[in-house]
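Protein chains in written order, with my numbering: chain D, 1 to 121; chain L, 1001 to 1121; chain R, 2001 to 2121; chain A, 3001 to 3121; chain C, 4001 to 4121; chain S, 5001 to 5121.
Quick reminder that beta carbons are idealized off the backbone N, C-alpha and C, glycines included.
There are 6 protein chains.
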Amino acid sequence: MKEELKSVEKLAGKKGVSIMKDLQEIFPDLGELATKLHKEIYERNILDLKQQEIITLAVLISQGNTESAFRFHINAALHAGLSKEEILEIIFHCAPYTGFPKAINAVYAAYDIFVENGLSS
Amino acid sequence: MKEELKSVEKLAGKKGVSIMKDLQEIFPDLGELATKLHKEIYERNILDLKQQEIITLAVLISQGNTESAFRFHINAALHAGLSKEEILEIIFHCAPYTGFPKAINAVYAAYDIFVENGLSS
Amino acid sequence: MKEELKSVEKLAGKKGVSIMKDLQEIFPDLGELATKLHKEIYERNILDLKQQEIITLAVLISQGNTESAFRFHINAALHAGLSKEEILEIIFHCAPYTGFPKAINAVYAAYDIFVENGLSS
Amino acid sequence: MKEELKSVEKLAGKKGVSIMKDLQEIFPDLGELATKLHKEIYERNILDLKQQEIITLAVLISQGNTESAFRFHINAALHAGLSKEEILEIIFHCAPYTGFPKAINAVYAAYDIFVENGLSS
Amino acid sequence: MKEELKSVEKLAGKKGVSIMKDLQEIFPDLGELATKLHKEIYERNILDLKQQEIITLAVLISQGNTESAFRFHINAALHAGLSKEEILEIIFHCAPYTGFPKAINAVYAAYDIFVENGLSS
Amino acid sequence: MKEELKSVEKLAGKKGVSIMKDLQEIFPDLGELATKLHKEIYERNILDLKQQEIITLAVLISQGNTESAFRFHINAALHAGLSKEEILEIIFHCAPYTGFPKAINAVYAAYDIFVENGLSS
Chain D
1 MKEELKSVEK
11 LAGKKGVSIM
21 KDLQEIFPDL
31 GELATKLHKE
41 IYERNILDLK
51 QQEIITLAVL
61 ISQGNTESAF
71 RFHINAALHA
81 GLSKEEILEI
91 IFHCAPYTGF
101 PKAINAVYAA
111 YDIFVENGLS
121 S
Chain L
1001 MKEELKSVEK
1011 LAGKKGVSIM
1021 KDLQEIFPDL
1031 GELATKLHKE
1041 IYERNILDLK
1051 QQEIITLAVL
1061 ISQGNTESAF
1071 RFHINAALHA
1081 GLSKEEILEI
1091 IFHCAPYTGF
1101 PKAINAVYAA
1111 YDIFVENGLS
1121 S
Chain R
2001 MKEELKSVEK
2011 LAGKKGVSIM
2021 KDLQEIFPDL
2031 GELATKLHKE
2041 IYERNILDLK
2051 QQEIITLAVL
2061 ISQGNTESAF
2071 RFHINAALHA
2081 GLSKEEILEI
2091 IFHCAPYTGF
2101 PKAINAVYAA
2111 YDIFVENGLS
2121 S
Chain A
3001 MKEELKSVEK
3011 LAGKKGVSIM
3021 KDLQEIFPDL
3031 GELATKLHKE
3041 IYERNILDLK
3051 QQEIITLAVL
3061 ISQGNTESAF
3071 RFHINAALHA
3081 GLSKEEILEI
3091 IFHCAPYTGF
3101 PKAINAVYAA
3111 YDIFVENGLS
3121 S
Chain C
4001 MKEELKSVEK
4011 LAGKKGVSIM
4021 KDLQEIFPDL
4031 GELATKLHKE
4041 IYERNILDLK
4051 QQEIITLAVL
4061 ISQGNTESAF
4071 RFHINAALHA
4081 GLSKEEILEI
4091 IFHCAPYTGF
4101 PKAINAVYAA
4111 YDIFVENGLS
4121 S
Chain S
5001 MKEELKSVEK
5011 LAGKKGVSIM
5021 KDLQEIFPDL
5031 GELATKLHKE
5041 IYERNILDLK
5051 QQEIITLAVL
5061 ISQGNTESAF
5071 RFHINAALHA
5081 GLSKEEILEI
5091 IFHCAPYTGF
5101 PKAINAVYAA
5111 YDIFVENGLS
5121 S
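Laid out in structure tokens, this is it:
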């Protein structure tokens, strides 16, 4: 495995690596730049990994972005030690700021990813 | 002081109360609903106050929203114990997700609020 | 049926209740807060129900949000007495303000919901 | 006065004409296309003028757009017979859908325009 | 074929006409206004057709809009002579400005359309 | 002058360097990452510099972003050889896709920057 993908695995586990590899196959240049930025961003040490994933998820919920990057970062958030309950709470907290419709979309998208990870109640 | 404004003061200090009072003067119904939601949202206990303010700031940066609510929540973030460096780091972390132009706008807006709080270097 | 779901049924009919129940099953806290806000918002009496649904649909079209909340509020708009033609006209009127691509997405999403309601041509 | 500006005056009064003329001076082609579209959109008769302005304001609040077009359409809304209270209520109704920060920005921007029109309490 | 659809065919080929006809079937008024605007916009001669499609794609990527209009304009871009590599490069260039998640969504959506056009490597 | 600022000067002239230096003074880490990305993005050779600035401006217009990055990239667009008329035409072309209100805001912001550059008629 390439050096940079190791930093992706550290961040988001095997699922994260698989998502990143899909991108690198279709458009290697973008995959490479994304991987390089990941390394640069997540290896800083002012915020911890949980805080970083909280920020990323909040931005994605706010953008209404529930596709590839959301799947990647829900996996990364679980990998960083955030629980299913904490991830739902991030969405809950976003609702009055992003509006409820975006929060509701995020709940459904997150739920599907929890099921994939064997985490549905 | 009304009961609910006390919860605003607990969250965002005297500056927060002053911003909320401005809103309540112009449009009391919206100010009241906002205050009521604040109370409901911030008194939950799954995420801590720092994490909650991190989420709120990330959403505002993502929306490109650098006005009244941004000022309120930079003050609330400082009040919750986040340092100037940590707030800048939240903006830094947002950049690859929101795009750099929104992050740069947030830096300038945050800087002005730091200066108001006597926090510029 | 719980008291609050009755106010949802009054607003958006049986389909609306079913959409809200789905949410409450996956994430009860958010479903409850959404229901509570619905009650608070739609029982005011400065704007009538048609005007309220016009606003809600315009916001969703503008956000490019054509999923769960859009389905809920198309049903609510029909329930409030707006016709299929009036709903399409709302989308038409949005186009120069939201841009045409978002309006076109809304047309396709609305069309599917009209078909579900037996309202296609 | 040109034919098309008359339709702008009918829609948004003298203030509306003045805002449109400013645009036409700086960039005539865009001003002309905007005026032509206004005519085409607002002279349809499925929704009435109040409903049309409600849609336009909801879109602008949702976009966080509180500048030239917002000023134009607050004036147009007043001209169509919507009261200051109804305009504030449109903003109130948007809040749970757009998020509160955008609604609060809209309140402040609307307030300034009300003052210009001698409508502050 | 109607006169206006000819200008759509010139812009986006047979696939473009087919997408526009779908819209005109569901909601003729919006289809007609969109076609009329297309004619007005694309027949100006300050920017060339490639530059125009670059602008349109950049806006759609920025909106996170990867549906009907994106399909239409990827086809139009290919029709204007932009290569698959250049279209991917447009997405690449957007990434630091729109944020990477929107760029990644655009890559996947574009890829599907390339495959439909027999353009996957 | 640092090596990287030279690449900024090549891209956006002395005004661009001055805008970038402002950012680097307030928040050096973000300024440095932005500069590094600029270098990486603009030195690719699939699209030419004019096409790259067209993309960047279209994204900013679509975001409603008319502040620091807009000023930087209007200057960069002029530096790349785009004329005032072509820049206005980019905004014109965006209008039906972004909605007219964002295009109108962009016209006013661009106009101010043209005046600063001695380019108003």
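Give the straight-line distance between the Cα atoms of residue 60(D) and residue 3005(A), rounded to the nearest whole angstrom.
-> 43 Å
Pull up the CB-CB distance for residue 2023(R) and residue 4027(C), whole angstroms please, since I reckon it's below 8 Å.
-> Rounded to the nearest angstrom, the Cβ distance from residue 2023(R) to residue 4027(C) is 29 Å, too far for a contact under 8 Å.
Integer-rounded CB distance, given that residue 5076(S) should sit under 8 Å from residue 5118(S) | With a Cβ gap of about 17 Å, residue 5118(S) and residue 5076(S) do not count as contacting.
When you compare only the Cα positions, how much space is there between residue 5080(S) and residue 5050(S)?
-> 6 Å
Since residue 3026(A) is in the alpha helix (DSSP H), which residue starts that stretch and which ends it?
-> 3003-3026
Give the residues of chain S in contact with residue 3069(A), contact being defined as C-beta atoms less than 9 Å apart.
-> 5099, 5100, 5101, 5102, 5104 and 5105
Which two residues bound the contiguous alpha helix (DSSP H) that contains residue 113(D)?
-> 100-116
Would the beta-carbon of residue 4082(C) fall within 9 Å of that of residue 4116(C)?
-> no
Where does residue 2046(R) sit, in a helix, a strand or coil, going by DSSP?
-> coil
So, residue 2093(R) versus residue 3055(A), is the Cβ gap smaller than 9 Å?
-> yes
In the DSSP assignment, find the unbroken alpha helix (DSSP H) run with residue 4065(C) in it and report its ends.
-> No alpha helix (DSSP H) contains residue 4065(C), which DSSP labels as neither H nor E.
Residue from 1091(L), 1071(L) and 1078(L) whose Cα sits closest to the Cα of residue 58(D) = Residue 58(D) has its Cα closest to that of 1091(L), out of 1091(L), 1071(L) and 1078(L).
Since residue 3102(A) contacts residue 1105(L) with CB under 8 Å, what's their CB separation in whole angstroms?
-> Contact doesn't hold; Cβ gap of about 16 Å is too wide.
Mind checking the stretch 3078-3094 of chain A against chain R and listing, in chain order, the residues whose C-beta falls within less than 7 Å of any C-beta there?
-> So the close ones are 3085, 3086, 3089, 3090, 3093 and 3094.
Shorter than 9 Å from the beta carbon of residue 2000(R) to some beta carbon of chain L?
-> Because chain R here runs from 2001 to 2121, residue 2000(R) falls outside it and cannot be looked at.
Within 10 angstroms of the Cβ of residue 2120(R), are there 16 or more other Cβ atoms? Answer buried if so, exposed if not.
-> exposed
Please state whether DSSP places residue 3037(A) in a helix, a strand or coil.
-> helix
What number of angstroms, rounded off, separates the C-alpha of residue 12(D) from the C-alpha of residue 5040(S)?
-> 26 Å
Is there at least one Cβ from chain D nearer than 9 Å to residue 1115(L)'s Cβ?
-> no
Where residue 71(D) falls, given that 16 or more other Cβ within 10 Å makes a residue buried = Per the 10 Å Cβ criterion, buried.
Cβ neighbours of residue 1069(L) in the same chain (closer than 7 Å, five flanking residues each side left out) = 1060
Close-in-space but distant-in-sequence residues of the same chain around residue 62(D) (CB under 8 Å, 5 per side omitted) = Closer than 8 Å at the Cβ level, and outside the excluded window around residue 62(D), lie 94, 97, 98 and 102.
Chain R residues whose Cβ lies nearer than 8 Å to that of residue 64(D) | 2063, 2064 and 2065, listed in chain order.
C-alpha gap between residue 1110(L) and residue 5025(S), whole angstroms = 14 Å
Own chain partners of residue 3030(A) with C-beta closer than 8 Å, once the 5 adjacent residues on each side are dropped | 3023
What does residue 3042(A) touch in chain L if you count any residue whose Cβ is under 7 Å from its own?
-> Ordered by position in chain L, no residue passes the 7 Å Cβ test against residue 3042(A), which lies about 28 Å from the chain.
Under 9 Å between beta-carbons, which chain S residues line up against residue 4028(C)? List them in chain order, please.
-> In chain S, no part has a C-beta under 9 Å from the C-beta of residue 4028(C); the shortest such distance is about 18 Å.
May I have the straight-line CA-CA distance separating residue 46(D) from residue 1042(L), to the nearest angstrom?
-> 24 Å
Does residue 1115(L) come within less than 9 Å of chain E when only Cβ atoms are used?
-> Here chain E cannot be found, since the structure's protein chains are D, L, R, A, C and S.
Comparing alpha-carbon positions, which option in 1003(L), 1108(L) and 1085(L) lies nearest residue 5021(S)?
-> 1108(L)
Partners in chain S for residue 3023(A), counting only beta-carbon separations shorter than 9 Å = 5104, 5107 and 5108
Whole-angstrom Cβ separation of residue 1038(L) and residue 1007(L), contact assumed at under 8 Å?
-> Between residue 1038(L) and residue 1007(L) the beta-carbon gap is near 7 Å, inside 8 Å, which marks them as a contact.
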